[in-house]
Amino acid sequence: MRRIRCALFLMVAIALTALAGPTAFAQDGDFFVYVGTYTGFKYVHHSKPYGFGDSRSKGIYVSRFHLATGELSEPELAAEVVNPSFLAISPNHRFLYAVSEDPLSLGPPLDHSSYVSAFAIDSASGKLRLLNTAPASGTSTCYISMDRTGRYVFMANFGSGSVSVIRVRDDGSLGELTSFIQNVGHSVDRSIQMEPHPHWVGPSPDNRFVVVSDLGMDQVQIFRFDAETGRLSPPGPPFVKVYPGGGPRHFTFDLAGKFGYQLSEMSGTVDVFAWDPSQGTLTLLQRAQTVPHDFFGGNHSAEIEIHPNGKFLYESNRRTYSETQRAPDTIGVFAIDPEKGTLTPVEQSLTGGIMPRNFTIDPNGKYLLTANQLSNNVVVYAIDPGTGRLSKTGKEIKVDTPVCLKFIPASR
Amino acid sequence: MRNIRNLILLAVSTIASLPYAWSAPAGEYFVYFGTYTGFTYMKEGLPAGASNSKGIYVSRFNPATGVVSKPELAAELVNPAYLALHPNHRLLYVATEDPLSLGPDFDHESYISAFAIDPATGKLRLLNTLPTGGTSTCYLSIDKTGRYVLMANFGSSSVTVLRIKEDGSLSEQTAFMKHVGHGKDASFQSQAHPHSIDVSPDNRFAVVSDLGVDKVFVYHFDAATGTLSPDNPPFVEAEAGGGPRHFVFDAAGKFGYALHEMSGFVTVMAWDGASGTFTKVQEARTLQPDFVGSNDSAEIAIHPNGRFLYESNRRFRGPDLWGPDSIGVFAIDPVKGTLSEVEQVAPQGTMPRQFAIDPTGGYLFAANELTGNVVLFRIDSTTGRLSATKTELKIDVPVCIVFVPVER
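Line by line, the protein sequences are chains A and B.
Position one of the first sequence corresponds to residue 256 (this note's numbering), numbered consecutively onward.
Position one of the second sequence corresponds to residue 1378 (this note's numbering), numbered consecutively onward.
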């Protein structure tokens, strides 16, 4: 009986994923692009916020993206909310979830709680209507995603070192906490790895496992996920260690669900893993470098994403020569070996601004948009689907302190 | 408008607490015992010893005769270390402190379970179980309206609040507060460790004892939303290395008493209920000046007549050299709130992590964690003095006691 129920859930999950997947976008329509921002400060370095009062942002912005021309409309405030630093959109495109990373804008030592807010998306205007707000059960919550059924949100609480799962009710609002995992540990970099810092959490393609990237512990963790109860169960499959001091930040599965790619913030490496969906295990295949051999200075890699055609991987790098000298920031482009999953460098492209904390690729794979946190712009690059290379379109919009980008199709 | 809402809430809370006052003097009580099922005690942050306990136990107690029945298993549950009774006396909330019985560094979550009390048998029926939002959850309490449960998560340095639904089951988290910092005692205070959380008598504030940072925090509690927000000032600084563990308000809501685990001091504070501020009045010693060894004070409670304060002390003089444990009895000055020692009584067992006074004020039940016995003491209501009775219950690793009036 239990097995049948699980199987049913899986089928529902797959059906929902298929509905929401790239096939539904295979038309040249308009999209809404949501932009998450910091409203209280400019950026966080070593767990401390900098540039208080320097952000003029008021919350989540929405812009209409015209796929035929790559044109972005003037961004409008979709919802007023404090520090909406990461966003997740439900598989049915009706709801958006935003974390308020540091609600008091004071940074981790004094911020007592992060929040998550549920919004209903107005399909005509793209504007957001607040449904409810709940504590994230952690501090400095920096990442949010949903399970494949759209019935749970997963949150990575960087500050307090935990991962939490909250149920989503039928009306899209947030319900009870269904799981909570407190990480305990540290790693070698004394400036940022003195305690656990989960930075990413997301479901496996079949929704049976959840992967957590912990930047503070240099671990990629795998938990069993029960979509019936919303619970993560340790001990799951064995955890994977990355290079000491690397700082695992964001993770992505490939489209076929055969490989996993872990981007580490400080080392700038992408660990390529084979994913065994039956056991929920990751096996290291390759450690790809994103930082040139002759580079000296500080590297902070940020976002990683795979092109909808499955052939290319993109990752962003925020770099500094010194405290005051920034750049050159880059978007690294890599070709994915379809059999082995391994990466070959294609190019390191510029980002059209400073500090590309986030970027995203439109669901049709024609454009890549960079969110440049310090230069306050979202820049549109065209993607060559044959080579993966990026080229300037000359199109960009101004948004203050953009740190997260999400696409959904706009109704016509 | 806000004031009106507060007034309504106050009225609701007063009504909610009335049945307690009515039913307290008469009749029998169910006595619930929380236990550790996976170990005997925590030794330097790691579990030690074994337990044959299976969960929560219940006895029937007649305060008129002092007769208490043999405890029976009321509900099977892993490490039900702390229990809290709903104001309607029909629901019991229980924290599963360490689900894996491996201790704070390994137990990555704690759970809270809601139970309905069978009014005839005292047996417990599980309503639901949710994560507490923290680890090593060691304390919980219910707000005066019965609509929220407040929890202290010792391991992960946080306090959390969950909403209680109409049917008594647990629902969404309404507040999360993380404490950051450390104290001077490297062995216990390398991080914050909230150890208790209780609402003020008027339900407008919540008081949190943090053993790790030597502070007693005061939060504004909004009973309309279940949220906590820092008071101004946000905390009272306690003596460095003292380790605030449990806290109690006096019956009139004029004074607060904070018991410090390591120092064994009781800080007496005048409570300004209007602004939510404490003013220190006295640091009362519970330890004899000539005491040599380690002290871990544990529980603090005030007699229903408001005149006496009791607190328990777990002590040891070296590896496996336990004792002398004691329950301290103090007289409360009715005007100044200050304490003067009446006596220190041996708990007739080892490691009195918890004790409780029956609501009629006739008996004190001492739960001795290491010796697995709960001993009944008769209380002299005019002097506060304790005298051990011959009655004791055998319960493996008892760590919490709650009285519930039996409905008739």
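All C-beta atoms in this analysis are idealised placements derived from N, C-alpha and C, irrespective of residue type, glycine included.
In the three-state reduction of the DSSP assignment, K1767 of chain B falls in the strand class. Taking C-alpha positions only, G491 of chain A is separated from P1508 of chain B by approximately 18 Å.
Taking 8 Å as the cut-off between beta carbons, the residues of the stretch 1529–1553 of chain B near chain A are G1532, S1533, S1534, S1535, T1537, L1539, L1547, S1548, E1549, Q1550, T1551, A1552 and F1553, in sequence order. Between G405 of chain A and N347 of chain A, the C-beta spacing is below 8 Å. Residues are counted here when their Cβ sits less than 7 Å from a Cβ of chain A; for the stretch 1477–1506 of chain B these are D1482, H1485 and E1486, given in chain order. By a beta-carbon distance limit of 8 Å, G1705 of chain B contacts N1690 of chain B. Their separation comes to about 7 Å. Shown here for K653 of chain A: same chain residues with a beta carbon closer than 7 Å to its own, the five before and five after excluded, namely N631 and N632 in chain order.
When secondary structure is reduced to three states using DSSP, T1414 of chain B falls in the coil class, being assigned neither helix nor strand. Leaving aside the five residues that flank G1545 of chain B on each side, the residues in its chain whose CB is nearer than 8 Å to its CB run, in chain order, H1463, R1467, L1468, A1491, A1493 and L1504. Of all residues in the stretch 474–494 of chain A, only P489 come within less than 7 Å of chain B when Cβ atoms are compared, listed by chain position. For V527 of chain A and G500 of chain A, the gap between their C-alpha atoms comes out near 17 Å. V525 of chain A and P640 of chain A have their C-alpha atoms roughly 22 Å apart. Apart from sequence neighbours up to five positions away, the residues of its chain that approach T484 of chain A with a beta-carbon distance below 7 Å are T433, ordered along the chain. By the neighbour-count definition (other C-beta atoms within 10 Å, threshold 16), N1465 of chain B is an exposed residue. Rounded to whole angstroms, G1749 of chain B and I1772 of chain B show a C-alpha spacing of 5 Å.
Just so you know, the alpha carbons of E450 of chain A and F506 of chain A end up roughly 20 Å apart.
Per the coordinates, the alpha-carbon of G1619 of chain B lies some 5 Å from the alpha-carbon of H1637 of chain B. Around the beta carbon of R612 of chain A, a 10 Å sphere encloses 16 or more other beta carbons of the protein chains shown; the residue is thus reported as buried. Closer than 8 Å at the C-beta level to chain B, one finds these residues of the stretch 425–453 of chain A: L429, G430, E431, L432, T433, S434, F435, I436, Q437, N438 and V439. Taking a beta-carbon distance threshold of 8 Å, A333 of chain A does not count as an interface residue toward chain B. With a threshold of 8 Å between beta carbons, G1422 of chain B makes no contact with chain A. In this structure, the beta-carbon distance from R1730 of chain B to A1675 of chain B falls below 8 Å. Within a 10 Å sphere around the beta-carbon of P1621 of chain B sit 16 or more other beta-carbons, which makes this residue buried. Below the 7 Å Cβ cutoff, chain B contributes E1549 and Q1550 as neighbours of A389 of chain A, in chain order.
For the pair F413 of chain A and H454 of chain A, the CB atoms are nearer than the 8 Å cut-off. By the neighbour-count definition (other C-beta atoms within 10 Å, threshold 16), V1779 of chain B is a buried residue. Under a criterion of Cβ atoms nearer than 9 Å, no residue of chain A is adjacent to T1522 of chain B; the nearest Cβ is some 19 Å distant.
Residue environment analysis places A1451 of chain B among the buried positions, since at least 16 neighbouring C-beta atoms fall within 10 angstroms of its C-beta.
Only buried fits D1702 of chain B, as 16 or more other CB atoms lie within 10 angstroms of its CB. Of all residues in the stretch 392–414 of chain A, the ones placed with a Cβ closer than 8 Å to any Cβ belonging to chain B are S392, G393, T394 and G414, in chain order.
Spanning the alpha carbons of I477 of chain A and S355 of chain A requires a straight line of approximately 25 Å. Sequence-distant Cβ neighbours of S666 of chain A in its own chain, meaning closer than 8 Å and more than five residues away, are S378 and A379. One finds H367 in chain A with Cβ atoms closer than 8 Å to the Cβ of P1607 of chain B, taken in chain order. Taking every protein chain shown into account, the CB of Y305 of chain A has fewer than 16 other CB atoms within 10 angstroms, so this residue is exposed. Considering only A:F409, A:T394 and A:S395, the residue with the shortest C-alpha distance to M401 of chain A is A:F409.
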